[in-house]
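Engineer:
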Amino acid sequence: MKRWTLDLDHESPTDSPRAAEVVKALRDGMLVGVPTETVYGLAADATQPDACARIFSAKRRPRFNPLISHVASFDAATEYGYFNDDALKLAEAFWPGPLTLVLPKKPGSPICDLATAGLDSVALRVPAGLVMRFLSEQIGGPLAAPSANVSGKISATTADDVVADLGDKIAYVVDAGPCPIGIESTIVACLGDPPQILRSGGVSREAIEAVLGRSLQDPEPEAGAAPQAPGMLLSHYAPSASVRLDAADVKPGEALLAFGPKPPRSHGNAVATLNLSPTGDLTEAAKNLFSGLRQLDRTGAHTICVQTVPETGLGEAINDRLRRAAAPRGTAMQRS
Ligand code: TXA
Ligand code: MG
Numbered sequence: 002m003k004r005w006t007l008d009l010d011h012e013s014p015t016d017s018p019r020a021a022e023v024v025k026a027l028r029d030g031m032l033v034g035v036p037t038e039t040v041y042g043l044a045a046d047a048t049q050p051d052a053c054a055r056i057f058s059a060k061r062r063p064r065f066n067p068l069i070s071h072v073a074s075f076d077a078a079t080e081y082g083y084f085n086d087d088a089l090k091l092a093e094a095f096w097p098g099p100l101t102l103v104l105p106k107k108p109g110s111p112i113c114d115l116a117t118a119g120l121d122s123v124a125l126r127v128p129a130g131l132v133m134r135f136l137s138e139q140i141g142g143p144l145a146a147p148s149a150n151v152s153g154k155i156s157a158t159t160a161d162d163v164v165a166d167l168g169d170k171i172a173y174v175v176d177a178g179p180c181p182i183g184i185e186s187t188i189v190a191c192l193g194d195p196p197q198i199l200r201s202g203g204v205s206r207e208a209i210e211a212v213l214g215r216s217l218q219d220p221e222p223e224a225g226a227a228p229q230a231p232g233m234l235l236s237h238y239a240p241s242a243s244v245r246l247d248a249a250d251v252k253p254g255e256a257l258l259a260f261g262p263k264p265p266r267s268h269g270n271a272v273a274t275l276n277l278s279p280t281g282d283l284t285e286a287a288k289n290l291f292s293g294l295r296q297l298d299r300t301g302a303h304t305i306c307v308q309t310v311p312e313t314g315l316g317e318a319i320n321d322r323l324r325r326a327a328a329p330r331g332t333a334m335q336r337s
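Whatever position you read off the sequence shown (first residue = 1), add 1 for the numbering used here.
(1) Can you find a heavy atom of the ligand TXA that lies under 7 Å from the Cβ of Ser339?
(2) Ignoring anything shorter than 3 residues, give me the beta strand (DSSP E) runs that lie fully in the region 277 to 325, in order along the chain.
(3) I'd like to confirm something about Leu1: is its beta-carbon nearer than 7 Å to some heavy atom of the ligand TXA, or not?
(4) Where does Ser148 fall in DSSP's three states?
(5) Among Gly98, Asp298, Phe84, which one has its Cα closest to the Cα of Ala208?
(6) Should Ser137 be labelled buried (16 or more other beta-carbon atoms within 10 Å of its own) or exposed?
(7) Name the one or two DSSP bridge partners that Thr101 has.
(8) Would you check if the distance between the CB atom of Asp194 and the CB atom of Trp5 is smaller than 8 Å?
(9) Please list the terminal residues of the continuous beta strand (DSSP E) segment that includes Lys60.
(10) How close, in whole Å, do the beta carbons of Val204 and Thr187 come, if the pair is a contact with beta carbons under 8 Å?
(11) Assuming Val244 and His268 are in contact, meaning their beta carbons sit under 8 Å apart, how far apart are those beta carbons, in whole angstroms?
(12) Between Val35 and Met133, is the Cβ-Cβ spacing less than 8 Å?
(13) Where do the N-terminal and C-terminal ends of the beta strand (DSSP E) with Leu125 fall, by residue?
(14) With burial defined as no fewer than 16 other Cβ atoms inside 10 Å of the residue's Cβ, what is the status of Lys263: buried or exposed?
(15) What is the DSSP secondary structure of Ile155, counted as helix, strand or coil?
(16) I'd like the span of the alpha helix (DSSP H) that includes Thr117, first residue to last.
(17) In or out: Asp166 buried (at least 16 other Cβ within 10 Å) or exposed?
(18) Can you give me the Cβ contacts of Lys3 inside the same chain, cut-off strictly under 6 Å, excluding the 5 residues immediately before and after it?
(19) Determine the direct distance from the alpha carbon of Ala242 to that of Leu297, and round the result to whole angstroms.
(20) Looking only at its own chain, which residues have a Cβ that is under 6 Å from the Cβ of Pro181, when we skip the five neighbours before and after it?
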């Protein structure tokens, strides 16, 4: 595995001699760890079934769980999916950015069936992260990329996280530093009326509803025919430690994932403490969430206890990840 370190404040991916090598690796069907503004992605050419198969086996991800295709622009996205009025409004408001749209797949789309898990819908995203867009433009097509973590485990927000999980499975990792948002994209399905929020994420529900001028629907877990994000059902984002939510106190031997200025009772018991945001800022907390969980997990504590995070704005996505991290493990559960 090779690492391409890129300081995006001072250099453009275009100028780097490494760019051609990474583009060639992708064209050859290899996997590349690619930063986006949300989390690092495990990218491959979405039109090559063999390349997409490598993603599923590297992550140990079930093949029924479809991948997001990343494209360089709205215009490129229109080649692969049908945009209704809601989808147009959302793309206009939030692309490039942390929003994924699930749309009816255009017939004849070159995105392979493995990437869409054989569904007649396709998940499309134009990320704000420059590197993913640049690489998609260079290969002249969509890049399939799930989060660059082992399936069911904590998402990767640094190149070192990617290397720790998948270093022996990838040709390259592009290291552009920590991801500025730190939590995955919000997924909205625009397949019927009203649109459904399949996964909370980097764009808040409130911001999406303000653009649409109405409420988003939550998918009903029991509605067999309703579109769901197949990877979003149960345990996920799981550290090795168990996770205890809404901790008002710290028990001996626990590590503490704190939030806000007020520590919980008996916080002196904590074997390690990390505060997601000492001022209680949800944007800062999202950015620190996965790296904080990874860091506390490395201490070997048997339990990570977590202070309550409010459910507003990005808090919805943070709490979604925390609840999945705390969910019972080890049963036959779907993971992405
Ligand atoms: O921020 C992100 O979204 C990151 C970066 C790398 O872009 N990607 C990411 O991918 O989180 P992944 O694979 O970890 O999560 C994608 C989710 C899965 O839960 C999958 O089931 C859902 O998107 N999905 C993909 N295609 C879908 C479709 N056609 N219908 C419903 N859900 C879909
Ligand atoms: Mg994931």
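From the three backbone atoms N, C-alpha and C, an ideal C-beta is built for every residue, glycine too. Computed from a predicted structure; not experimentally measured.
Structural biologist: This is what the structure holds:
(1) As shown, the chain starts at 2 and ends at 337. That puts residue 339 outside it, with no answer to give.
(2) 304 to 307
(3) The structure shown does not extend to residue 1, since the chain spans only 2 to 337, so no value can be given for it.
(4) strand
(5) Gly98
(6) buried
(7) Ile188
(8) no
(9) Unbroken run through Lys60 is the alpha helix (DSSP H), 50 to 60; no beta strand (DSSP E).
(10) 4 Å
(11) With 8 Å as the limit, Val244 and His268 do not qualify as a contact, their Cβ atoms being about 17 Å apart.
(12) yes
(13) 122 to 126
(14) exposed
(15) coil
(16) 114 to 117
(17) buried
(18) Tyr173
(19) 9 Å
(20) Glu38
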